Amino acid sequence: MKKLRKGDIVIIAAVIFLTAVFAVMPFIRRDDGSAVAVSYGGNEYTYSLSDDMSFDIISNGITLSVVIEDRTVRVVQSDCRDKTCVGMGRISRAGEFIACAPAGVYIKITGEESQQHDIIIG
Amino acid sequence: MTSLSAKRISVDGLLIAVSLILSYLESIVFFDALLPIPGIKLGLANICVMLAFFKTGPVDAAFISLLRVAVSALLFGTPVSFMFSLFGAVLSYLFLVFAKYVLRESVSFIGISIACAALHNIGQVAAASLLFGEATVFSYLAILLPVSLLTGGVTGIIAAAVSGRREIK
Numbered sequence: 155m156k157k158l159r160k161g162d163i164v165i166i167a168a169v170i171f172l173t174a175v176f177a178v179m180p181f182i183r184r185d186d187g188s189a190v191a192v193s194y195g196g197n198e199y200t201y202s203l204s205d206d207m208s209f210d211i212i213s214n215g216i217t218l219s220v221v222i223e224d225r226t227v228r229v230v231q232s233d234c235r236d237k238t239c240v241g242m243g244r245i246s247r248a249g250e251f252i253a254c255a256p257a258g259v260y261i262k263i264t265g266e267e268s269q270q271h272d273i274i275i276g
Numbered sequence: 002m003t004s005l006s007a008k009r010i011s012v013d014g015l016l017i018a019v020s021l022i023l024s025y026l027e028s029i030v031f032f033d034a035l036l037p038i039p040g041i042k043l044g045l046a047n048i049c050v051m052l053a054f055f056k057t058g059p060v061d062a063a064f065i066s067l068l069r070v071a072v073s074a075l076l077f078g079t080p081v082s083f084m085f086s087l088f089g090a091v092l093s094y095l096f097l098v099f100a101k102y103v104l105r106e107s108v109s110f111i112g113i114s115i116a117c118a119a120l121h122n123i124g125q126v127a128a129a130s131l132l133f134g135e136a137t138v139f140s141y142l143a144i145l146l147p148v149s150l151l152t153g154g155v156t157g158i159i160a161a162a163v164s165g166r167r168e169i170k
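Read top to bottom, the protein sequences are chains A and B. Quick note: to get our numbering, add 154 to the position in the first sequence (first position is 1). Quick note: to get our numbering, add 1 to the position in the second sequence (first position is 1).
This is how it looks when you write it as structure tokens:
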């Protein structure tokens, strides 16, 4: 194997730099979230993060089982092929999300801060 | 190679077939066990596209890449996975063009492969952000990009080894 060339080092440095940029992007809030926004089929539904509950979402013929428990949200089961949403585990902080591409379901945690903004704008 | 020689047609056909086998392997082998991060794949099929690009030609590589994306989506994927792969494949392909005509000798297969892996992830996340109408998806790149250093590095080493030992042209 040949040694790394100058361009290779630049590419590796660029990828590391971009990683850092996306890691500190302002939209990743590290504060605890307060609500769960679930969007699919052009609608958005909001649930409180403090109320434990479980419900099923049926979208694009795929059923997802969502559980809200101990201020965290997770998808416990899905009919889809890749199970990416189940693998994404628990989310609890504002800005974190679970996406299920085949079902077109997007679950995100919203903080109190963003809700206030919504009220101001709305 | 400018003419449609029997050799060119058969080499391209072979590369498409191999890239589909690699896509199939990635769709069944649980790479998750090794790296438990959703949405991560080694990107072995990119070896075929890179070899085609630098050994046969950019036009051949474009056909191989597009056919692989289309056929693997039909066989093992969904319309959504097709859109995700297509975004990633187009971005990676643009980088191959940039590497061939601008970067030239300053990069090796390893750097090219890492850039392709990173751009493939960026393309997929861009597709996801369009699908969900959510910019927050981009934050997932903070996880996907460092992994692309590893997956791109591995596929780059394989591509360099294959290319060095056996000239396709």
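Here a beta-carbon is modelled for each residue, glycine too, at the ideal position from N, C-alpha and C. Keep in mind that this is a model prediction, so the values were computed, not measured.
Report task. Consider the Cβ of A:GLN270: report whether some Cβ of chain B lies at a distance smaller than 8 Å. Result -> Within the first sequence, the letter at position 116 stands for residue 270 of chain A. Because the pLDDT at A:GLN270 is just 42, under 50, the model does not fix this residue reliably, and the point stays unresolved.
Report task. With a 10 Å radius around its C-beta and 16 neighbouring C-beta atoms as the bar for buried, classify A:GLU198 as buried or exposed. Result -> In the first sequence, counting from the first residue as 1, residue 198 of chain A sits at position 44. So A:GLU198 ends up on the exposed side.
Query raised in the report: Is B:LEU150 closer than 8 Å to B:ILE113 when the C-beta atoms are compared?
Result: Taking the first residue of the second sequence as 1, we reach residue 113 of chain B at position 112. Taking the first residue of the second sequence as 1, we reach residue 150 of chain B at position 149. Result no, Cβ atoms of B:ILE113 and B:LEU150 do not sit closer than 8 Å.
Report task. Look up A:LYS262 in the DSSP assignment and give the residues it is bridged to. Result -> Taking the first sequence and counting its residues from 1, one reaches residue 262 of chain A at position 108. Beta-bridge pairing links A:LYS262 to A:ALA191, A:PHE251.
**Report entry** Whole-angstrom C-beta distance between B:ALA118 and B:GLY153, which should lie under 8 Å
**Finding:** The residue given as residue 153 of chain B occupies position 152 in the second sequence. The residue given as residue 118 of chain B occupies position 117 in the second sequence. At roughly 3 Å, the Cβ-Cβ gap stays under 8 Å, so B:GLY153 and B:ALA118 are in contact.
Query raised in the report: A:ASP210 by DSSP, collapsed to three states: which one?
Result: Taking the first sequence and counting its residues from 1, one reaches residue 210 of chain A at position 56. Residue state, collapsed to three classes: strand.
**Report entry** Reduced DSSP category for B:LEU97 - H, G, I as helix; E, B as strand; rest coil
**Finding:** Counting from one through the second sequence, the residue named residue 97 of chain B turns up at place 96. The answer is helix: DSSP assigns B:LEU97 an H, G or I state.
Query raised in the report: Straight-line CA distance for B:ALA162 to B:ILE10?
Result: As a first step, residue 162 of chain B must be located in the second sequence, where it is residue number 161. As a first step, residue 10 of chain B must be located in the second sequence, where it is residue number 9. Going by the C-alpha atoms only, they are around 23 Å apart.
Query raised in the report: Residues of chain A with CB under 8 Å from B:VAL70, in chain order?
Result: Within the second sequence, numbered from 1, the residue matching residue 70 of chain B stands at position 69. Correct list: empty, because the minimum Cβ distance to chain A is about 15 Å.
Report task. Could you tell me whether the Cβ of A:THR238 comes closer than 8 Å to any Cβ of chain B? Result -> As a working mapping, residue 238 of chain A is identified with position 84 in the first sequence. Interface residue, yes.
Query raised in the report: Per DSSP, A:GLU198 is paired with what?
Result: Counted from its first residue, the first sequence places residue 198 of chain A at position 44. The partner list for A:GLU198 (beta bridge, DSSP) reads A:SER193.
Query raised in the report: Across which residues does DSSP place A:LYS218 in a beta bridge pair?
Result: Counted from its first residue, the first sequence places residue 218 of chain A at position 64. Inspection of the sequence shows that residue 218 of chain A is occupied by Leu rather than by Lys. A:ILE211, A:SER232.
Query raised in the report: Between the region 145-158 of chain B and chain A, which residues of the former have CB atoms less than 7 Å from a CB of the latter, in chain order?
Result: LEU146, PRO147, SER149, LEU150, ILE158
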